[in-house]
Amino acid sequence: LSLDAGQTLFTGGSVLPPSTLKFSVDGRDPTYFLFKGDLHAGEIGPVRVNGRWDGIRLRGNAWWPKQSLTVFQPLAPPDWKMNLRDGELYAQVAFSAAPEQGFRAGGHGVLKGGSAWMPDNQVNGVDFVLPFRFADGAWHLGTRGPVTLRIAEVINLVTAKNITADLQGRYPWTEEEPLLLTDVSVDVLGGNVLMKQLRMPQHDPA
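Put into structure tokens, the structure is as follows:
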């Protein structure tokens with residue numbers, strides 16, 4: 028089965044190139060089958076998915092093979108005047124769905140060496156790692172280590188370097204399962220600005 032769509036225009040001016048979804052199902056009856064497919068839009072993708080349905084539970088995996096960040100240029104609204112210059116992106120997710128558990132998913136996404144230039148500033152050397160799990164209507168961020176953001180430099184009127192931030196916890200957060208922003212640091216104007224921890228819900232000054 029192949030489904031094709033033309034170019035998609037979004038209200039902000041973003042453009043998704045013409046896309047194609049290829050999908051196949053193989054099984055003995057509607058209560059047990061295997062499925063697989065892939066989706067791509069122009070140079071974006073393909074996002075590949077496979078899994079099975081056993082009459083009770085849907086299980087599957089989806090993965091986005093490593094590709095250049097520059098293929099996402101059409102998704103940047105023209106008003107942003109943003110030029111995606113460098114970087115690689117990849118992701119992988121496992122998911123399942125069943126009546127007694129609802130929908131659950133877990134995986135990670137990675138951006139390495141990202142670079143974006145705009146008329147008034149440049150952002151270079153962006154590394155972003157997002158390990159996550161979704162269950163019971165909540166996001167659990169940083170399941171195998173924190174969500175990490177590292178930026179080599181932001182060039183503006185003032186240049187900031189060695190920007191770091193870590194994020195870990197539950198969203199929406201609760202008292203029992205807070206969301207923690209830690210090790211926020213930036214080198215600027217010959218010094219260093221550091222925030223050790225911000226806890227949400229917040230009780231003490233950061």
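Heads up: the sequence shown at position 98 corresponds to 125 in the numbering used here, and the numbers run straight through without jumps.
All C-beta atoms in this analysis are idealised placements derived from N, C-alpha and C, irrespective of residue type, glycine included.
Exercise. Closest by CA to Ala103, which one among Val74, Gln119, Ala143?
Worked result: Locating residue 103 in the sequence shown gives position 76, where the first residue counts as 1. Closest option to Ala103, Cα to Cα, is Ala143.
Problem set entry | From Asp106, Pro105, Leu96, residue whose alpha carbon lies closest to that of Ala118 | By one-based count along the sequence shown, residue 118 stands at place 91. Nearest to Ala118 by alpha-carbon distance, out of Asp106, Pro105, Leu96, is Leu96.
Problem set entry | Val185 beta carbon less than 8 Å from that of Val215 | Here residue 215 refers to the residue found at position 188 when the sequence shown is read from its first residue. Here residue 185 refers to the residue found at position 158 when the sequence shown is read from its first residue. Result yes, Cβ atoms of Val215 and Val185 sit closer than 8 Å.
Exercise. For Val153, does the count of other Cβ atoms within 10 angstroms reach 16, so buried, or fall short, so exposed?
Worked result: For the purposes of this step, residue 153 is taken as the residue at position 126 of the sequence shown. With 16 or more Cβ atoms within 10 Å of its Cβ, Val153 is classed as buried.
For this session: Closer than 6 Å by C-beta to Ile71: which residues in its own chain qualify, once you throw out the five before and the five after it? Chain order, please.
Result: The residue given as residue 71 occupies position 44 in the sequence shown. The residues are Val98.
For this session: Can you give me the start and stop residues for the beta strand (DSSP E) that Leu30 sits inside?
Result: The count along the sequence shown starts at 1 and reaches residue 30 at position 3. For Leu30, the enclosing beta strand (DSSP E) covers residues 29-32.
For this session: Would you tell me roughly how many angstroms separate the C-alpha atoms of Thr47 and Gly87, rounded to the nearest one?
Result: Sequence index remark: in the sequence shown, residue 47 carries index 20 (1-based). Sequence index remark: in the sequence shown, residue 87 carries index 60 (1-based). When rounded, the distance between both Cα atoms is 20 Å.
For this session: Round the Cβ separation of Trp91 and Val74 to the nearest angstrom and send it over; I've been treating them as touching at under 8 Å.
Result: Locating residue 91 in the sequence shown gives position 64, where the first residue counts as 1. Locating residue 74 in the sequence shown gives position 47, where the first residue counts as 1. Yes, Trp91 and Val74 are in contact; Cβ-Cβ is about 5 Å, under 8 Å.
For this session: Say yes only if the C-beta of Pro205 is nearer than 7 Å to one or more non-hydrogen atoms of the ligand GTP, and no if none qualify.
Result: The ligand GTP is not among the ligands present in this structure, which contains no ligands whatsoever.
Problem set entry | Same chain, Cβ closer than 6 Å to Arg131, neighbours up to 5 away in sequence not counted | Counting from one through the sequence shown, the residue named residue 131 turns up at place 104. Excluding sequence neighbours, Arg131 sits near Ser123, Ala162.
Problem set entry | Selection from Asn189, Glu204, Ala187 that minimises the alpha carbon distance to Gln195 | Taking the sequence shown and counting its residues from 1, the one referred to as residue 195 is at position 168. When each option's Cα is compared against that of Gln195, the closest is Glu204.
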